[in-house]
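The structure under discussion appears below in the form of structure tokens.
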Amino acid sequence: MADGFIRWYREAAATPVLAQQAQLFERHGIVLVHPTRGGAVVLDVEGNAVVMRPEELGHLLALRIASLTMNWWFSANVNVIDQYVYEPLGCEIQTLWLDGLTPQQEDAVEAAVMAAARELPVPTRAVIVDRSGAGDPEDWDSAVLYEGDGLPPFPDRVLARHPLAQRFTRSPVLGRQEAGGGLTLFSPARPS
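For the record, in the sequence shown the residue sitting at position 58 is 69 according to our numbering, with numbers rising by one throughout.
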């Protein structure tokens, strides 16, 4: 079983949107620039922190030549690890790890990602919210990237666009709510 995570699939942007994403996250109390180090923090292959200007990080992400692992910050000591990957099918995937966060901080990360999924100009394919880590993030790749037949066990919430959303609409055990921008939010239905 994995740690809790939020996995965000979106179409590759023609123009980088890191600065816009950072502004949206900041509205939820999550910042890109470390409060005392004065820069964005990227983890190198050995797990060491490398501090750089946010513009440099944005440039590296725009090159789309390698995966990056970076941090978002609640405070100088509380961070959210974000693995940023580009798939060959023109999709960007961010996996934000929730381990070590309080429930309120998890709420903030989820709210920030959901707001960014709706507000950024880059279309979102899906957001998978699995706070308990019931599955592995990669389990969703087949369904989201390749329209695979199998679906992993349902997590806490899924924000999805057609055709993935279509697969959930017939389920009587899932609640459904239109989220705007062609996205639908699914969550386990509460017994009445």
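Backbone N, C-alpha and C define an ideal beta-carbon position, used for all residues, glycine too.
Reduced DSSP category for residue i - H, G, I as helix; E, B as strand; rest coil
{"i": "residue 182", "result": "coil"}
{"i": "residue 204", "result": "The structure shown has nothing for residue 204, since the chain only spans 12 to 203."}
{"i": "residue 93", "result": "strand"}
{"i": "residue 124", "result": "helix"}
{"i": "residue 73", "result": "helix"}
{"i": "residue 87", "result": "coil"}
{"i": "residue 28", "result": "coil"}
{"i": "residue 156", "result": "helix"}
{"i": "residue 100", "result": "coil"}
{"i": "residue 79", "result": "strand"}
Rounded distance between the beta-carbons of residue j and residue i, thought under 8 angstroms
{"i": "residue 44", "j": "residue 65", "result": "6 angstroms"}
{"i": "residue 81", "j": "residue 100", "result": "Residue 81 to residue 100, Cβ: 23 angstroms. No contact."}
{"i": "residue 140", "j": "residue 41", "result": "So it is not a contact: roughly 16 angstroms between Cβ atoms."}
{"i": "residue 129", "j": "residue 194", "result": "7 angstroms"}
Spatial distance of residue i from residue j (CA atoms)
{"i": "residue 107", "j": "residue 133", "result": "18 angstroms"}
{"i": "residue 203", "j": "residue 176", "result": "Only weak support is given to the placement of residue 203: the predicted model assigns it a pLDDT of 48, under 50, and the value that follows is read from those uncertain coordinates. Taking the straight line from one Cα to the other gives about 24 angstroms."}
{"i": "residue 200", "j": "residue 171", "result": "17 angstroms"}
{"i": "residue 156", "j": "residue 162", "result": "12 angstroms"}
{"i": "residue 51", "j": "residue 30", "result": "12 angstroms"}
{"i": "residue 56", "j": "residue 96", "result": "14 angstroms"}
{"i": "residue 184", "j": "residue 20", "result": "24 angstroms"}
{"i": "residue 181", "j": "residue 150", "result": "21 angstroms"}
DSSP bridge partner residues for residue i (one or two, in chain order)
{"i": "residue 16", "result": "108 and 141"}
{"i": "residue 198", "result": "186"}
{"i": "residue 51", "result": "44 and 63"}
{"i": "residue 171", "result": "137 and 195"}
Closer than 8 angstroms to chain B by CB, residue i
{"i": "residue 44", "result": "Protein chain content of the structure displayed is limited to a single chain, and chain B is not contained in it."}
Is the stretch 112 to 132 close to the stretch 79 to 92, with three or more CB pairs under 8 angstroms? With a cut-off of 8 angstroms, the stretch 79 to 92 and the stretch 112 to 132 count as touching, because enough Cβ pairs lie within range.
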